[in-house]
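Residue numbers (this note's numbering), protein chains in the order written: chain A, 70 to 238; chain B, 1226 to 1542. Glycine included, every Cβ here is placed at the ideal spot set by N, Cα and C.
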Amino acid sequence: MDEADITRALKRIAHEIVERNRGARDLVIVGVPTRGVPLAERIATQISQIENYHTPTGALDVTLYRDDYGTRQAIPQSTKINFSITGKTVVLVDDVLFTGRTVRSALNALNDLGRPAAVQLAVLIDRGHRELPIRADFVGKNVPTARNENVTVRVKETDREDIVRVEKL
Amino acid sequence: MPLCLCGDIPLKLQRKHILGLQEMSAEEINLVLDTAANFKEVLARPIRKVPALRGKTVCTLFFEPSTRTRASFEMAAKILSADTSSLTVAASSVTKGETLKDTVLTMQAMGVDCFVIRHPQSGAPEMATRYVRGHILNAGDGCHEHPTQGLLDLLTIREAKGPIENLRVTIIGDLLHSRVARSDFWGLQKLGAKVTLCGPDTLLPPEFDKYGACLKTNCDAAIEGADVVMLLRLQNERMDGIYLPSVREYAALYGMNARRLKRAKPDAIVMHPGPINRGVEISNEVADGERNVILEQVTNGVAVRMALLYLLLGGEE
């Protein structure tokens, strides 16, 4: 996927979110660091253009809720959510949906911040191989992969380019 | 195992125990400070609890009295969902003659993953590292080091003043007996601050000169142009002889008051590791003044201890 593909996919996702929720009034968009955060912001920008309504966006750190820090420790980022999520429809945004474990930890992290009316999941890439009963509500692109492949998403905000690549490990 | 897809940098402390800042590198210190800065957000949440250290047990073992360090360690462990058990030495088998070695081995047999040790003897936590499989965190040993205090001071300075490099920091007080001053000194030194140590001759060890500190016995001169003024308590419990003519004289010559503080930079901050002795090293007006960050230091203490526990225990099976 190149820059134009990514932009088109995010635009479509924004339209689907608005359609599904009949507007953007009770929506908040929350990205999962690192790449989920800029993607969440782009979707929010699209939504504000479609609906002429500003949707709050934030970042949700899930490091402290992971079940695999035994094998891959990461430095926690700060959660930046300056609004209440209680009673809102939270759209979680991440770059790649793979095992579903990040989403699982994100759901637990959200729980500690409030009680949303609903949580929906938007991802740029769904690469399959779920290990938990989790599915995305909005998908940019389904990419069938082998387990030994790596999906790399790079975005302008953090990596100076917009690109999605599938690489053999 | 899931592949690393989200670009997290897998950083880790390359050591098992935290005994002092003298042996830590600037990179390691910055890793702890960055992690702690991110943990402060957890402290501001409505639900101050994350599951990161579920199933880990932290044992605090204090052979000396303490309010903030012990409470702070326990709070940090609990926010990260670790279990804590604290041994109050006065009420433990130590009074029946049990040695430090046997005490830690006993607690280890109950499944402790990390010991937080405070001891009047310098080097006691290091000795304990020879006996246990788990981690040791030094919570202050004799006149040696108090690394978590040093790190929380660095975090507080960084928050108030930005990068530590080239800041002028003056530490005033009982430098001879202060483990806090030693940890602060090593940390500041590694991060590139210009450190001035000030105290009466009897309490100012000349060896610091070798390591690049500026030593001064005149307090007014030492404060001149400082960005950070750090005050220390007279460690009466460690004074085994006569070091001062009188506490009143010390208060007059080295006590921080508003008039004296004018010599520092107008935006200088005043720090104190606590417990403070009002009217001795710090006057009421300074202790209650706007420029002190003493309570920020306490809050940062929880964040720094969370960071250390997480960095030591978080990456384990």
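- Shown here, aspartate 163 of chain A sits in a strand according to DSSP, grouped into three states.
- By the Cβ rule, the segment 1274-1287 of chain B counts as touching the segment 1301-1312 of chain B, because three or more pairs are nearer than 8 angstroms.
- At a C-beta separation below 7 angstroms, threonine 148 of chain A has these neighbours in chain B: Glu1266.
- Of all alpha-carbon atoms in A/Phe152, A/Asp228, A/Thr214 and A/Val224, the one lying nearest the alpha-carbon of arginine 111 of chain A is that of A/Val224.
- Between lysine 1441 of chain B and threonine 1421 of chain B, the gap from beta carbon to beta carbon is short of 7 angstroms.
- When secondary structure is reduced to three states using DSSP, glutamate 218 of chain A falls in the strand class.
- Distance between glycine 1514 of chain B and methionine 1496 of chain B, taken at the CA atoms: about 11 angstroms.
- Note on the segment 1317-1392 of chain B: whole alpha helix (DSSP H) runs with a minimum of 4 residues are 1325-1334, 1349-1354 and 1372-1386, in chain order.
- Looking from the CA of alanine 1446 of chain B, the closest CA among B/Thr1395, B/Ala1477, B/Ala1296 and B/Glu1299 belongs to B/Thr1395.
- Relative to serine 1408 of chain B, the option among B/Ala1385, B/His1360, B/Gly1450 and B/Leu1457 whose CA is nearest is B/Leu1457.
- Boundaries for valine 1454 of chain B: no alpha helix (DSSP H) harbours it, while the beta strand (DSSP E) harbouring it runs 1453-1456, taken from the DSSP string.
- Using a C-beta cut-off of 8 angstroms, the segment 115-130 of chain A makes contact with the segment 80-95 of chain A, since at least three inter-stretch Cβ pairs fall below that distance.
- Going by DSSP, methionine 1481 of chain B is part of no beta strand (DSSP E) at all; its letter is neither H nor E.
- In the structure shown, threonine 103 of chain A falls within a coil segment according to DSSP collapsed to helix, strand and coil.
- In the three-state reduction of the DSSP assignment, asparagine 1517 of chain B falls in the strand class.
- The Cβ atoms of alanine 1315 of chain B and valine 1341 of chain B lie no closer than 7 angstroms to each other.
- Under the three-state reduction of DSSP output, lysine 1281 of chain B falls in the coil class, being neither helix nor strand.
- Arginine 1270 of chain B reaches chain A at Thr148, Asp181 and Leu182, counting residues in chain order whose Cβ is nearer than 9 angstroms.
- In the DSSP assignment, leucine 1440 of chain B falls within the unbroken beta strand (DSSP E) covering 1439-1441.
- At least 7 angstroms separates the CB of valine 1529 of chain B from every CB of chain A.
- In the three-state scheme derived from DSSP, where H, G and I count as helix and E and B as strand, lysine 210 of chain A is classed as strand.
- When C-beta atoms of the segment 1331-1341 of chain B are compared with those of the segment 1378-1388 of chain B, fewer than three pairs fall below 8 angstroms, so the two segments do not count as touching.
- Taking 3 residues as the shortest admissible run, the segment 1236-1308 of chain B contains the following complete beta strand (DSSP E) segments, listed from N- to C-terminal end: 1282-1287.
- Here the segment 142-161 of chain A makes contact with the segment 97-115 of chain A; the two share three or more CB pairs at distances below 8 angstroms.
- Contact annotation for tyrosine 134 of chain A against chain B: Val1275, Pro1276 and Ala1277 [CB-CB distance below 9 angstroms, chain order].
- Aspartate 71 of chain A counts as exposed, since fewer than 16 other beta carbons sit within 10 angstroms of its beta carbon.
- Check the Cα spacing between serine 1297 of chain B and each of B/Pro1491, B/Gly1539, B/Leu1538 and B/Glu1521: the tightest is with B/Glu1521.
- About 25 angstroms separates the beta carbon of threonine 114 of chain A from that of glutamate 1266 of chain B, a gap too long to meet the 8 angstroms contact definition.
- Around the beta-carbon of glutamate 1390 of chain B, fewer than 16 other beta-carbon atoms lie within 10 Å, marking it exposed.
- Looking only at B/Asn1525, B/Pro1491 and B/Leu1486, the smallest Cα-Cα distance to glutamate 1506 of chain B is reached by B/Leu1486.
- DSSP lists A/Thr126 and A/Val160 as the beta-bridge partner residues of isoleucine 98 of chain A.
- Measuring C-alpha to C-alpha distances from valine 1518 of chain B to each of B/Tyr1535, B/Met1455 and B/Gln1333 identifies B/Met1455 as the nearest.
- 7 angstroms or more divides the Cβ of glycine 169 of chain A from the Cβ of alanine 128 of chain A.
- Excluding five sequence positions before and after leucine 133 of chain A, the CB atoms of its chain that fall closer than 7 angstroms to its own CB belong to Pro145, given in chain order.
- Secondary structure note for leucine 79 of chain A: it is in no beta strand (DSSP E), and the uninterrupted alpha helix (DSSP H) holding it is 72-89.
- Residue state for leucine 1533 of chain B is assigned as helix, using DSSP reduced to three classes.
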